[in-house]
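Worksheet for the structure shown next.
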Amino acid sequence: MSELPKAYEPQAVEAKWYAAWMDGKCFEADPKSAKDGYSIVIPPPNVTGILHLGHVLNNALQDILARRARQQGKEVLWLPGTDHAGIATQTKVERQLRDEQGVGRRDLGRDEFLKRVWEWKEKHGGIIIQQLKRLGCSCDWSRERFTMDAAYSKWVSQVFVDLFKQGLIHRGKRMVNWCPVSLTALSDEEVIMTPQRSKLYTMKYELADAPGEYIEIATTRPETLMGDSAVAVNPKDPRYTKHVGRMVKRPFPPADIPIIADEHVDLEFGTGALKITPAHDKADFDIGMRHGLEIIDVLHPDGRVHCPACPELDGLDRFVARKKAVAKLEAMGLLLKVEEYDNNVGFSERAHVPIEPRISMQWFLKYPCVQQAADAVANGDIKFRPERWAKTYAHWMENLQDWCISRQLWWGHQIPVWYRKDKFEALRGAEALDMHDLTAGDIHVGVDAPADGANWVRDEDVMDTWFSSWLWPFATMTEVGEASQTLQKFYPTSDLVTGPDIIFFWVARMIMAGFQFAGGLPFKNVYFTTIIRDLQGRKMSKSLGNSPDPIDLMEKYGADGLRFGLMRIAPVGSDVRFDEASVEEGRNFANKLYNACRFRQMADEGGEASRAPLTQDKLPPYHLDIIAKLDALAAGLEESYGEYRFGEIAQRLYEFLWSEFCDKFLEAVKLDLRDSATADARAATLGTFDAVMSRYLQLMSPYMPHITEELSARMGYVGEGEFLMQQQLPAAPLLTVDASAAQARAAAVYEAASRMRNLKAEYKMGSRKDVRFVIKSAPAWLAEESKVLALLVGAGEIILDGAYVATKGTPAAVTPLGETYMPLEGLIDVAAERVRLTKEIERIELEVKKCQGKLGNASFVERAPPEVVVQETARLADWHAKLQQLGEMLAALT
RNA sequence: GCGCGCUUAGCUCAGUGGUAGAGCACAUCCUUCACACGGAUGGGGUCGCAGGUUCGAACCCUGCAGCGCGCACCA
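Under the numbering used here, residues 216 to 1109 are what the first sequence spells out, in order.
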């Protein structure tokens, strides 16, 4: 044991214990267990994902909760898995195929392409799972799920079929958010509004019945004017009342279009006249519907202009066409001005290009169980932390729009709908298949294909990835129609840990799905993590290169160091600013813990010297004090866990070990471990060390699972073949006797030592070991402790002398142990000492004034609680005493 | 425009009415036999601004400013 390296080396230790836990099946959940169940489902990371700091924070929190629950005697299921991530994965594999083999997905065809994606998934898909294991995550890996597992996929289809049968799912042609790169529709949530510096073009259209007269129109999108089917003004706008009902000339392709009046038009904006392009703008579409306007689609799905009537624009990309259209307007003398203009443009969440509002045939879901889901959070059945997110949730629930669930992708759950082949062909493809054109015999909606499959064509679209994710809490626990023990035991889940950015994408939808398909709420608590930013406050991103690789951090500082460091800075409310220094602190802390244990092992080379039960009533004050503080720590942690204050838990654990256990207790008991110490003293000290440390390691274990397991094993705190992580946390406090007197003594010694060291430093005696102290009027018990005090202070000798008379100018301090002098026999610089004393007196006079001011205030004395007044009076007395003493010292020097 | 949050030491953050805190950074001292990934000591803050409530405000209320986020609109 004495050959232990001085610094803790986490890498090998962490790998060793993770393997041991896996071998010991420590993470596997038994649904037949008699214990109470505790469960978390992991927010499934994208199967293409690579671990980033957000994952680390999120999963470390889940691991802490899971490990803590095990210690409290729960049967724990932490259910892991990955998400097939439709667009992200398809895009990734497509890009790779294009780069490496020069083929697109359409070259391969649907079946072959899907085969390639599956191959890719098998080969590269598990990276993030391995990374989570490196972090120490105690997931039940025997239950790992994937959203496209056969059983899971069956759930997705079944849910679609059920909702369809209830009339909540329908197909129709509507305005959707279209991504011209991914060539698919997106839900509203997948559109990111982004501020843009754009240009506002003002142009004029000539009135058809009055050549030479114009109406001015402002637009940011001149490239869509070929799709204009009207110009709209506000009916209340006096400038335009005479125009309403007349026709204007659309410049190209030339056409006469009407001027209509619609409330939607803002009088203040631009010229007050708005060009209406029903095919390419949501608001225009609505206006078009109200006025029965023609819908003229002038864009291809990939964002190129489709307008054979304008050959010079036809086929151009929308942004190229914009410039060209402007040039054309200018050439025609219709462009009046171009202004810089800041507006918001919707961008595709995945492809990072402006989305295009587009009318297309899609599947839509009217959300089920909305009221129940809203109520569950409002009435506290599901508790959000921090609570303020409940408001965001409520707001969204009140403004639900139908969910566009179809995606024009191949990777995903294909929509379980078949159309009769003859009908499908007659209507010339899916784009034209309106529900109204279909009779019951034309369409088959079911988990399985119709029996006479050859006569049917399957809907090509897949479902939004979130349409599978929202089933995660129960579809991972049971198969369709199965009476699952796992579900019985572990549903609803206990806690969900996720980011507030997916409240709508995921959390809200899971709640609705829980009510609709699993008979109740899916979880009881939702803990929202914070966003991790860099020190400049920017979000972590690959392109900024400000996102450290957690694997690198773990190699450098250990998984425990990373976990602990991150937990210490994770605040309850606002965002985290990440600094590698905090991980370094975590590593340093692990090292401190390791060395505290190493110290004990070195002091007791044979081991086993201390296994005798502790007789607490005979323990010295420091021992009882640390035992009492450990109990206080355990109680404090209990409270903090109850409030999900993870940073506070880390802080409490840190302070106990570093400030209390190492800085105070270990320093105070060093004499007991020297060769000169009695066997009894040694045994008592080692016994106390072991009692406190073994339980401390247990309390620490959820945060730093590897090092605590290692140390517990090495120190013999857990038996061969047992694991710390599986041991139940004792409910009873460690302390069995009244320790209040002992604690008061220990506190007095520590405090006195601090003041005496302070005195040494003030007189530049810093490292001198020969300094003597004299304590006057010391309590009788101090005689036994003066050696400890001398050690703590770094003093040559501590003399207890009630009759001591200090020579003039002897430095002194008031300590809880009495007047304390540091005789230096002429070593003091008298002038410097006078300056110091004068400054000190000034400072204290100020304090006295503050106290007197308060006590002199009649209202304070009458109305403040009595104990506060007493406290204040005592303080004033203290200051006065101090002042008098300093005054005497100063007088002695002159 | 509506809503939510934040503003405390150089930095990152605790602090729910009673003497302003931690870690890091900084300065001085110490390689003393657990740990220099360490120990000791110290300097550093009119708690964003202005009002109000209160005997007393970092904390409660109002207003303002700055920053961030969400929702809606944006021709």
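Heads up, the beta-carbon is just placed ideally off N, CA and C, and yes, glycines get one too. Since we're looking at a predicted model, the values are computed, not measured.
Unbroken alpha helix (DSSP H) stretches of 4 residues or longer found wholly inside the segment 941-1009: 955-977 and 997-1008, given in chain order. The criterion of a C-beta distance shorter than 8 Å is not satisfied by S563 and I491. Assignment of S402 by DSSP, reduced to helix, strand and coil, places it in the coil class. The segment 553-636 is shown to contain whole alpha helix (DSSP H) runs of 4 or more residues at 585-593 and 604-613, in chain order. One alpha carbon belongs to K984, the other to L1006, and they sit about 10 Å apart. Per DSSP, the beta bridge partners of G296 are R360. DSSP places I1013 in the uninterrupted beta strand (DSSP E) bounded by E1012 to L1015. With respect to W687, P259 sits close: the two C-beta atoms are nearer than 8 Å. The beta-carbon separation of I620 and M678, rounded to 5 Å, stays under the 8 Å limit for a contact. When secondary structure is reduced to three states using DSSP, Q411 falls in the strand class. R778 and Q311 have their C-alpha atoms roughly 34 Å apart. As DSSP reads the structure, L845 sits in no beta bridge. Close CB contacts of M612 within its chain, under the 7 Å cut and outside five residues either way in sequence, are with V585, A588, A589 and A723 (chain order). When the five nearest sequence neighbours on each side are left out, the beta carbons in the same chain lying within less than 6 Å of the beta carbon of I1013 are those of F988, S1001, L1004 and A1005, in order along the chain. A residue is called buried once 16 or more other Cβ atoms fall within 10 Å of its Cβ, and W996, having fewer, is exposed. Inter-segment contact for the segment 352-372 and the segment 525-534 is absent: fewer than three beta-carbon pairs are separated by less than 8 Å.
With distances taken between CA atoms, D667 lies nearest to G656 out of R505, G656 and D676. Straight-line spacing of the CA atoms in V933 and L829 works out to 18 Å.
The distance from the Cβ of G296 to that of E359 is about 5 Å, consistent with a contact at the 8 Å cut-off. The residue among E935, L939 and G931 with its C-alpha nearest the C-alpha of T923 is L939. If only uninterrupted beta strand (DSSP E) runs of at least 3 residues are considered, none is enclosed by the segment 327-362.
Sequence-distant partners of L489 (beyond 5 residues in either direction) whose C-beta falls short of 6 Å from its own C-beta, in its chain, are A447 and V480. Taking all protein chains shown into account, R867 has 16 or more neighbouring C-beta atoms within 10 Å of its C-beta and is therefore buried.
Put simply, the backbone Cα of R285 is about 27 Å away from that of G902.
When secondary structure is reduced to three states using DSSP, N1072 falls in the coil class, being assigned neither helix nor strand. For T417, the pairing in a beta bridge is given by DSSP as A433 and K552. By the CB criterion at 8 Å, F876 and L276 fall outside the cutoff.
Residue pairing by DSSP puts A470 in a beta bridge opposite R465. The beta carbon of A957 lies closer than 7 Å to those of P836, L839 and D840 in the same chain, with the five residues before and after it left out.
Its Cα nearest to that of D251, the residue F705 stands out among Q411, F705 and K464.
The beta carbons of V376 and G661 sit closer together than 8 Å. Taken atom to atom, the span from the alpha-carbon of T304 to that of L440 is near 36 Å. Check the Cα spacing between V463 and each of I430, A476 and E483: the tightest is with I430. Taking C-beta atoms as the reference points, L219 and R813 count as a pair closer than 8 Å. Beta-bridge pairing by DSSP links N261 to D298. For K497, the secondary structure class from DSSP, reduced to helix, strand or coil, is helix.
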